[in-house]
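Visitor: Let me give you the structure first, and then I'll get to my questions.
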Ligand code: SF4
Ligand code: SF4
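Numbering (my numbering), first residue to last: 1 to 573.
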């Protein structure tokens with residue numbers, strides 16, 4: 001059977017056919033569609049987890065019980081999951097356990113561009129790296145077999161280009177059901193000294209056996225063209241190399257950790273000059289050089305360590321042109337959507353000279369409208385903690401801003417810690433009832449999920465349980481109460497919280513739109529300084545363009561009553 005699939009869809013299909021019982025993860029571009037796609041198969045128990053760490057721990061319980069499990073996340077999510085990941089290498093698995101991680105070279109939608117292959121080295125587990133959707137499908141299926149055969153969790157490393165590019169996939173279309181028996185084995189699964197000594201030695205042994213078996217597994221391949229030059233490559237870089245140098249001998253590495261040096265040495269002997277083309281860090285290059293293979297790559301200045309590669313850059317590099325960095329995201333023209341429920345609160349905050357710890361989510365786009373509104377954005381859950389640290393250090397009030405999904409992901413321990421530290425902060429939780437940055441996935445605070453019958457957890461209840469005494473929920477388009485709520489919070493000593501409640505503008509049903517009566521407008525600029533990107537200055541007048549979703553926020557700031565709303569129903573009438 002054949003189908004045009006993205007890499008993420010191919011991973012989902014491969015996992016489905018491999019008989020995966022549970023698929024879980026936390027939304028994160030570019031990996032989100034893996035779980036969304038696999039959730040369409042009724043045989044698979046697919047559900048989002050609260051964060052990547054709990055996702056991997058949950059999946060490891062499934063694996064331990066004898067069934068296969070897939071976990072999917074973006075690269076920064078793997079940092080959150082790194083504790084169970086590294087320890088799972090020691091315990092090993094029962095049912096196959098595969099962690100699909102998608103990196104974002106160029107940082108198109110991420111806070112960094114780390115190279116997740118390095119986790120293979122840190123955890124000492126195999127890392128497979130497909131170079132297109134066909135391989136994403138095949139590698140995923142094989143990863144479950146490899147996991148069970150060598151008693152190891154497997155990291156499947158994708159990058160943005162692999163995750164989001166569609167190509168033809170030939171697939172079997174049949175699902176295998178795989179169950180293994182569970183037998184309690186504390187000496188294998190309880191990590192406590194002195195068991196750990198044996199588990200550590202066992203890991204080395206399992207990895208060494210795996211390393212020796214790499215050629216027979218068949219995921220690496222040599223394409224010998226008899227050329228003087230030879231190129232070692234992996235992942236998406238393989239496609240760029242083939243496009244740029246169709247007549248050059250290529251060694252494609254599908255298992256990027258560990259390396260089987262013998263087969264690479266054999267390939268290197270067939271060429272006079274050996275190059276390495278890989279995206280992100282010099283991961284493979286460093287391992288080859290450490291084992292005495294002379295190869296030219298990033299350390300020789302051939303290619304950059306930063307940014308996405310492409311065929312053009314590779315061609316330039318091989319022509320001797322210095323490439324300082326690859327393709328990087330430089331577009332700062334993304335703004336909060338018109339009608340975004342965060343516009344009101346940020347338009348109020350941006351005039352305050354107070355430390356504001358921001359967090360990960362689309363509300364960070366507010367900095368493109370109000371450049372000084374957020375002092376920091378570090379990682380999931382950090383805004384509250386950084387505000388707490390700042391307040392303790394400076395002896396003054398600070399604000400921590402966090403979204404609803406991020407609050408459940410890792411904001412709760414931050415609240416507990418701020419309470420314990422006796423910080424003096426106002427917590428602002430932006431509750432738009434979804435995980436909006438990644439396309440609108442449900443979470444435990446929405447009462448919805450990929451599976452039915454969810455119970456909604458109220459943010460207020462959690463805050464009260466954490467010991468926060470003053471908690472207020474305020475409508476996102478109620479400017480007066482937002483102003484008062486912030487003021488009250490800043491005057492309250494200790495920790496207080498306000499929850500700004502408003503449905504994400506992307507998912508909200510539009511009920512009308514606003515327009516400006518030019519003859520009533522006195523050009524005061526109040527509407528423009530609100531920060532909604534649907535309001536524009538057009539020569540000597542102000543206009544509202546057709547991106548307006550009729551939220552009504554601008555009506556509240558226009559003292560001239562020059563802004564009117566037309567309801568869609570009234571248009572049809
Ligand atoms: S009503 Fe005003 S603030 Fe709301 S989306 Fe339209 S222009 Fe923007
Ligand atoms: S707030 Fe009202 S009066 Fe002021 S510029 Fe906008 S439309 Fe004109």
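Where a beta carbon is used, it is the ideal one built from N, C-alpha and C, also for glycine.
Who's in the neighbourhood of ligand 3, going by beta-carbon under 6 angstroms from any heavy atom, listed in chain order?
Guide: Ligand 3 is absent from the structure shown, which contains only ligand 1 and ligand 2.
Visitor: Report yes if the C-beta of residue 535 is less than 7 angstroms from at least one heavy atom of ligand 1; otherwise report no.
Guide: Yes, the beta carbon of residue 535 sits closer than 7 angstroms to at least one heavy atom of ligand 1.
Visitor: If contact is defined by three or more beta carbon pairs under 8 angstroms, each pair taking one atom from either stretch, is the region 544-557 in contact with the region 338-346?
Guide: Result yes; three or more Cβ-Cβ pairs closer than 8 angstroms.
Visitor: If I measure Cβ to Cβ from residue 346 and keep anything under 8 angstroms in the same chain, skipping five residues before and after, which residues do I get?
Guide: Answer for residue 346: 336, 363, 366, 369, 370, 373, 531, listed in chain order.
Visitor: Measure the beta-carbon distance from residue 584 to residue 489 and round it to whole angstroms, keeping in mind my assumption that it falls under 8 angstroms.
Guide: The structure shown does not extend to residue 584, since the chain spans only 1 to 573, so no value can be given for it.
Visitor: According to DSSP, is residue 228 part of a helix, a strand, or is it coil?
Guide: Reduced to three states, the DSSP call for residue 228 is coil.
Visitor: What are the partner residues of residue 513, as DSSP defines its beta bridges?
Guide: DSSP output for residue 513 lists 566 as bridge partner(s).
Visitor: In whole angstroms, give me the CA-to-CA distance for residue 512 and residue 522.
Guide: Their Cα atoms are separated by approximately 24 angstroms.
Visitor: What's the gap between the Cα of residue 190 and the Cα of residue 209?
Guide: Going from the Cα of residue 190 to the Cα of residue 209 covers about 23 angstroms.
Visitor: Which whole-angstrom value describes the C-beta separation of residue 315 and residue 244, a residue pair presumed to lie in contact below a C-beta threshold of 8 angstroms?
Guide: The Cβ separation is near 5 angstroms, so the contact holds.
Visitor: With a 10 Å radius around its C-beta and 16 neighbouring C-beta atoms as the bar for buried, classify residue 573 as buried or exposed.
Guide: For residue 573, the predicted model reports a pLDDT of 47, less than 50, meaning its position is unreliable; a value from the coordinates is still stated below. Answer is exposed; the Cβ neighbour count stays below 16.
Visitor: Below 8 angstroms between beta carbons: does that hold for residue 97 and residue 126?
Guide: No, these two residues do not count as a Cβ contact at 8 angstroms.
Visitor: Report the CB separation of residue 38 from residue 15 in whole angstroms; it is logged as a contact under 8 angstroms.
Guide: About 6 angstroms separates the two Cβ atoms, so the contact holds.
Visitor: If distances are taken between C-alpha atoms only, which option among 394, 437, 311 comes closest to residue 583?
Guide: Because the chain spans 1 through 573 in this model, residue 583 falls outside it and cannot be assessed.
Visitor: Give me the Cα-Cα distance between residue 81 and residue 515, rounded to the nearest whole angstrom.
Guide: One C-alpha to the other measures close to 48 angstroms.
Visitor: Which class does residue 14 belong to by DSSP, given the choice of helix, strand or coil?
Guide: DSSP places residue 14 in helix when its eight states are reduced to three.
Visitor: Per the DSSP calculation, residue 441 is bridged to which residue(s)?
Guide: Residue 441 is bridged to 435.
Visitor: With DSSP as the reference, please indicate the residues paired to residue 103 in a beta bridge.
Guide: According to DSSP, which records beta bridges pairwise, residue 103 is partnered with 159.
Visitor: Output the boundary residues of the beta strand (DSSP E) element that contains residue 5.
Guide: From DSSP, the beta strand (DSSP E) with residue 5 extends over 2-6.
Visitor: Considering only the beta carbon of each residue, do residue 90 and residue 55 sit closer than 8 angstroms?
Guide: It is not a contact, given that the beta carbons lie outside the stated cut-off.
Visitor: Residue 221 by DSSP, collapsed to three states: which one?
Guide: Residue 221: strand per DSSP, three-state reduction.
Visitor: Measuring alpha carbon to alpha carbon, tell me which of 279, 319, 285, 289 ends up nearest residue 308.
Guide: The shortest C-alpha separation from residue 308 is found at 279.
Visitor: From the DSSP output, in three-state form, read off residue 131 for me.
Guide: DSSP places residue 131 in coil when its eight states are reduced to three.
Visitor: Which whole runs of the alpha helix (DSSP H) in the region 353-405 are 4 residues long or more, in chain order?
Guide: With a minimum length of 4 residues, the continuous alpha helix (DSSP H) runs that stay inside the region 353-405 are 366-369, 382-394.
Visitor: Residue 220 and residue 168 look like a contact to me (Cβ under 8 angstroms); what is the Cβ gap, rounded to whole Å?
Guide: Wrong, their Cβ atoms sit about 22 angstroms apart, outside the cutoff.
Visitor: Quick check on residue 518: buried or exposed, where buried means 16 or more other Cβ atoms within 10 Å of its Cβ?
Guide: It counts as exposed.
Visitor: Assuming residue 4 and residue 137 are in contact, meaning their beta carbons sit under 8 angstroms apart, how far apart are those beta carbons, in whole angstroms?
Guide: Going by Cβ atoms, the distance from residue 4 to residue 137 rounds to 12 angstroms, so no, they are not a contact pair.
Visitor: For residue 489, report the span of its alpha helix (DSSP H) as first-last.
Guide: From DSSP, the alpha helix (DSSP H) with residue 489 extends over 479-491.
Visitor: For ligand 1, is there a heavy atom less than 7 angstroms away from the beta-carbon of residue 313?
Guide: Every heavy atom of ligand 1 is 7 angstroms or more from the Cβ of residue 313, so no.
Visitor: Mind checking whether the beta-carbon of residue 293 lies closer than 7 angstroms to any heavy atom of ligand 1?
Guide: Incorrect: residue 293 has no Cβ contact closer than 7 angstroms to ligand 1.
Visitor: When every heavy atom of ligand 1 is checked, does at least one fall within less than 7 angstroms of the C-beta of residue 530?
Guide: For ligand 1, at least one heavy atom lies less than 7 angstroms from the Cβ of residue 530.
Visitor: Verify the contact flag: residue 544, CB atom, against every heavy atom of ligand 1, threshold strictly below 7 angstroms.
Guide: Yes, the Cβ of residue 544 comes within 7 angstroms of a heavy atom of ligand 1.
Visitor: Among the candidates 104, 478, 356, whose CA atom is the shortest distance from the CA of residue 113?
Guide: For residue 113, the nearest C-alpha among the options comes from 104.
Visitor: Return the CA-CA distance between residue 83 and residue 477, expressed in angstroms with no decimal places.
Guide: Cα to Cα, the separation comes out at about 41 angstroms.
Visitor: May I ask you to report which of helix, strand or coil DSSP gives residue 185?
Guide: The answer is coil: DSSP assigns residue 185 none of H, G, I, E or B.
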